[in-house]
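Notes for the one structure printed next.
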Amino acid sequence: MQSWTYCTHTCTTYFTAITTNLIIIIIIIIIIIIIIIIIIIIIIIIIIITTRVGREGKFTCLFSVNMFTRMLKLRLLNAVAPAYFFMATAVTFILHFCFFIPTIFPNPDTSLTASTTLHTVVFLFLMFNALGNYIMTIKYPAESANETAVPVCSPHCSDKVDAHYLLNGRHFCKLCKKVILKRDHHCFFTGNCIGNKNMRYFIMFCIYTSCTCLYSLVLGVAFLTVEYSISFENPLTFLTLLPLSTGYFFMGTISGLQLFLVLMLYVWLGIGLVCAGFCCQQVLLVARGQTWCQMQRGQLVENRSPWRSNLKDVFGTRWILGLLMPVQTVEMCSEDTDGHKQD
1 MQSWTYCTHT CTTYFTAITT NLIIIIIIII IIIIIIIIII IIIIIIIIIT TRVGREGKFT
61 CLFSVNMFTR MLKLRLLNAV APAYFFMATA VTFILHFCFF IPTIFPNPDT SLTASTTLHT
121 VVFLFLMFNA LGNYIMTIKY PAESANETAV PVCSPHCSDK VDAHYLLNGR HFCKLCKKVI
181 LKRDHHCFFT GNCIGNKNMR YFIMFCIYTS CTCLYSLVLG VAFLTVEYSI SFENPLTFLT
241 LLPLSTGYFF MGTISGLQLF LVLMLYVWLG IGLVCAGFCC QQVLLVARGQ TWCQMQRGQL
301 VENRSPWRSN LKDVFGTRWI LGLLMPVQTV EMCSEDTDGH KQD
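Mind the numbering: the sequence shown is residues 1 to 343 in UniProt numbering, read in order.
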C-alpha cells in the first residue's frame, strides 16, 4: 500500500512538473509569435507608405523589396548582436562571482585564499582586455579621412546593398553610411565596420573573448562537478549532457538553474571556438596584406609587402604592450595623413 502511494505521489509530481514547464514554453512561444506578427505588420506598413500608385492604377514601389528586406535584416542584426554580447558578458560575470568562486574556492575563515585571488585576477584581466578592445574597436572607427569621394557601385553589387568600391582602397558601407579605409567586413557585434584603423583592436577582442569563454567553460565544468557531482571523465559526457539535462528538466528532476548552467557551457564553447578560428583567419589575412572582401571576390593583392611589414602596419611597433592592455599602438597611417593634406 505504501509503495502504491509512493508511486502515485511520484507520478503526480512528474506530471505537475511537466505540465508547468509545458505551460511556460507555450507562453514563450505565444509571445514570440506576437512579436513576429508585430514585426510583419510594421514591415507591411512601411512598404505601403513607400508605395505609390501609377497612372494606370499599378503599384510602384519606391525601392526594391529585396533591398529593403536585406537592409532591414542587417539593421536588426546591428541592434541585436551588441545587446546579445552585453547580455552574455553580464551573465558570465554574475556566474563567476555569484556561483563559481563561492563554490569552487570556498573561504571557511572568510579570508581570501591564493586560489580565489588568482582566479579573480585572471578572470578580471581577461574581461578587462575583452571589453577594452571592444570599446577601442568602436572608439577608433575605420572610416577614412577623405569622405568626399562619390561612391561608384561595384559590378559585383547587384542589389546595391553591399559596400561600394572607391579609389585608393576605400569603400562605402551602406550600413554604416561611411567611407571605410581598407574595409575588411562589417561586425554586427560592434555595430561598425572593421578596417585598417581598428583591425588590431578587433583581433585582440576576438583573442580575449575566446580566452574568456574557454576559461569560463573550465570553471563551469568544475562548478558542475563540485556542486552536482557530475563526472566529466568520460569524453561522451559533454556530448550527452545537454539532451539528458533537458529531459531531466522536463521530468522535474533538475532545476532550471542547472539546465541554464549546462546550456552556458555549450554557449561558451561555441563562442570560444568561433572567435579563435575567426582570429586565426584574420591574422593570416593581415599577414598577406589582404582583406576579407578581397578574399571573397578572389582579388589578388598587388605589390604585396612582406608579412612582417603587414603585421607591423596593423599591430604597430609596440605590439607587446598591445597584447597586455587595450592601448593605441599604431600611429595614424600614411593614407589618412595624405587625405588630411588633400583636404
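Note that the Cβ used here is the ideal one computed from N, Cα and C, for glycine as well.
The structure presented is a predicted model; accordingly, all values stated were derived computationally and were not measured.
With 16 other Cβ atoms within 10 Å as the buried cut-off, status of LYS178: Taking the first residue of the sequence shown as 1, we reach residue 178 at position 178. Looking at its Cβ environment, which holds 16 or more other Cβ atoms inside 10 Å, LYS178 is buried.
Identify the residues that DSSP records as bridge partners of HIS96: which are they? Taking the first residue of the sequence shown as 1, we reach residue 96 at position 96. Per DSSP, none; premise fails for HIS96.
Between the alpha carbons of PHE232 and LEU242, how many angstroms are there, rounded? Counting from one through the sequence shown, the residue named residue 232 turns up at place 232. Counting from one through the sequence shown, the residue named residue 242 turns up at place 242. Looking at the two C-alpha atoms, the distance is approximately 13 Å.
Would a C-beta distance cut-off of 9 Å place MET325 and PHE128 closer than the cut-off? Numbered from its first residue, the sequence shown carries residue 325 at position 325. Numbered from its first residue, the sequence shown carries residue 128 at position 128. Yes. Within cutoff.
Which of the three DSSP states is assigned to THR329 in this structure? Within the sequence shown, numbered from 1, the residue matching residue 329 stands at position 329. Here THR329 sits in coil by DSSP.
Using DSSP with H/G/I as helix, E/B as strand and the rest coil, what is ASN198? Taking the sequence shown and counting its residues from 1, one reaches residue 198 at position 198. Reduced to three states, the DSSP call for ASN198 is coil.
Can you give the Cα-Cα distance for GLN328 and GLY322, rounded to whole angstroms? Within the sequence shown, the letter at position 328 stands for residue 328. Within the sequence shown, the letter at position 322 stands for residue 322. If I take the Cα positions, the gap works out to 7 Å.
Starting from the Cα of ALA88, find the closest Cα among ARG183, THR209, LYS174 and give me that residue. Translated into positions along the sequence shown, residue 88 becomes position 88. Out of ARG183, THR209, LYS174, the CA that lies nearest to the CA of ALA88 is found in THR209.
Rounded to whole angstroms, what's the CA-CA distance from LEU257 to THR240? Just pull it up for me. Here the question's residue 257 lines up with position 257 in the sequence shown. Here the question's residue 240 lines up with position 240 in the sequence shown. Between LEU257 and THR240, the C-alpha separation is close to 18 Å.
Beta-carbon contacts of LEU224 that lie in its chain and below 6 Å, excluding the five residues immediately before and after: Counting from 1 along the sequence shown, the entry for residue 224 is found at position 224. Excluding positions up to five away in sequence, the list reads ILE230.
Would you call the region 213-220 and the region 281-298 touching, i.e. three or more CB-CB distances under 8 Å? no
Buried or exposed: which applies to residue 347, given that a residue is buried once 16 or more other Cβ atoms fall within 10 Å of its Cβ? Because the chain spans 1 through 343 in this model, residue 347 falls outside it and cannot be assessed.
May I ask you to verify whether the region 79-96 touches the region 181-193, counting CB pairs closer than 8 Å and requiring at least 3? Touching, yes, given that three or more Cβ pairs across the two stretches are closer than 8 Å.
Closest Cα partner of ALA222 within the set ALA114, MET71, THR253, LEU265: In the sequence shown, the residue the question calls residue 222 occupies position 222. Selected option, being the one with the closest Cα: LEU265.
Compute the Euclidean distance between the alpha carbons of THR50 and THR69, then round it to the nearest angstrom. Translated into the one-based positions of the sequence shown, residue 50 becomes position 50. Translated into the one-based positions of the sequence shown, residue 69 becomes position 69. Only weak support is given to the placement of THR50: the predicted model assigns it a pLDDT of 49, under 50, and the question is left unresolved by the model.
Spatial distance of HIS96 from ILE254 (CA atoms): For the purposes of this step, residue 96 is taken as residue 96 along the sequence shown, with counting starting at 1. For the purposes of this step, residue 254 is taken as residue 254 along the sequence shown, with counting starting at 1. The alpha-carbon atoms of HIS96 and ILE254 are separated by roughly 21 Å.
Are HIS185 and TRP292 closer than 9 Å when you measure CB to CB? Position 185 of the sequence shown, counted from the first residue, corresponds to residue 185. Position 292 of the sequence shown, counted from the first residue, corresponds to residue 292. Yes; because the gap between Cβ atoms is below 9 Å, this pair is in contact.
Whole angstroms is fine: what's the gap from PHE249's alpha carbon to VAL262's? The residue you call residue 249 lines up with position 249 of the sequence shown. The residue you call residue 262 lines up with position 262 of the sequence shown. If you take the alpha carbons of PHE249 and VAL262, they lie about 11 Å apart.
Compare the beta carbon distance of PHE99 and HIS119 with 9 Å and say whether it is the shorter of the two. The residue labelled residue 99 in the question sits at position 99 within the sequence shown. The residue labelled residue 119 in the question sits at position 119 within the sequence shown. HIS119 is positioned such that its CB atom lies no closer than 9 Å to that of PHE99.
How many Å lie between LEU273 and PHE238 at the Cα? For the purposes of this step, residue 273 is taken as the residue at position 273 of the sequence shown. For the purposes of this step, residue 238 is taken as the residue at position 238 of the sequence shown. Cα to Cα, LEU273 sits roughly 15 Å from PHE238.
Threshold first: 4 residues or longer. Then list the alpha helix (DSSP H) segments lying entirely within the region 224-250, N to C. 237-250
Please state whether the Cβ-Cβ distance between MET71 and LYS174 is less than 9 Å. In the sequence shown, the residue the question calls residue 71 occupies position 71. In the sequence shown, the residue the question calls residue 174 occupies position 174. Going by C-beta atoms, MET71 is nearer than 9 Å to LYS174.
Note down, in chain order, each residue of its chain lying with its Cβ closer than 7 Å to the Cβ of ALA276, except the 5 sequence neighbours on either side. Mapped onto the sequence shown, residue 276 falls at position 276. Excluding positions up to five away in sequence, the list reads SER210.
How long is the line joining the alpha carbons of SER305 and CYS193, rounded to whole angstroms? For the purposes of this step, residue 305 is identified with residue 305 of the sequence shown, where counting begins at 1. For the purposes of this step, residue 193 is identified with residue 193 of the sequence shown, where counting begins at 1. Approximately 24 Å between the Cα atoms of the pair.
Can you list, in chain order, the residues of its chain with a C-beta nearer than 6 Å to that of ILE207? Leave out the 5 residues immediately preceding and following it. To locate residue 207, count along the sequence shown from 1; it is residue 207. Only CYS279 meet the Cβ criterion.
With distances taken Cα to Cα, identify the nearest neighbour of TYR201 among LEU74, ILE29, ARG308, GLY316. Here residue 201 refers to the residue found at position 201 when the sequence shown is read from its first residue. Closest option to TYR201, Cα to Cα, is GLY316.
Rounded Cβ spacing between ASN133 and MET204 (contact assumed at less than 8 Å): Walking along the sequence shown from the start, residue 133 turns up at place 133. Walking along the sequence shown from the start, residue 204 turns up at place 204. With a Cβ gap of about 4 Å, ASN133 and MET204 count as contacting.
Under 9 Å between C-beta atoms of SER245 and LEU259: The sequence position of residue 245 within the sequence shown is 245, counting from 1. The sequence position of residue 259 within the sequence shown is 259, counting from 1. A contact, by the Cβ cut-off of 9 Å.
Return yes when the Cβ of THR116 is within less than 9 Å of the Cβ of ILE138, no when it is not. Locating residue 138 in the sequence shown gives position 138, counting from the first residue. Locating residue 116 in the sequence shown gives position 116, counting from the first residue. Cβ atoms of ILE138 and THR116: not closer than 9 Å.
Verify whether the separation of the beta carbon atoms of MET199 and VAL91 is less than 9 Å. In the sequence shown, residue 199 corresponds to position 199, counting from 1. In the sequence shown, residue 91 corresponds to position 91, counting from 1. Result no, Cβ atoms of MET199 and VAL91 do not sit closer than 9 Å.
What residue from ARG318, ARG183, THR103, PHE125 has the CA that sits closest to TYR228's CA? Taking the sequence shown and counting its residues from 1, the one referred to as residue 228 is at position 228. Among ARG318, ARG183, THR103, PHE125, the Cα nearest to that of TYR228 belongs to THR103.
Please classify ALA114 as buried or exposed, where buried requires at least 16 neighbouring CB atoms within 10 angstroms. Here residue 114 is taken as the residue at index 114 of the sequence shown, counted from 1. Exposed: under 16 other Cβ atoms inside 10 Å.
Measure the alpha-carbon distance for GLY298 versus TRP307 and round it to whole angstroms. Here residue 298 refers to the residue found at position 298 when the sequence shown is read from its first residue. Here residue 307 refers to the residue found at position 307 when the sequence shown is read from its first residue. The straight-line gap from Cα to Cα measures roughly 19 Å.
What residues match up with ASN192 in a beta bridge as DSSP calls it? As a position in the sequence shown, residue 192 is number 192, starting the count at 1. CYS187.
Which of the three DSSP states is assigned to GLY272 in this structure? Position 272 of the sequence shown, counting from 1, holds the residue named residue 272. If DSSP states are grouped into helix, strand and coil, GLY272 belongs with the helices.
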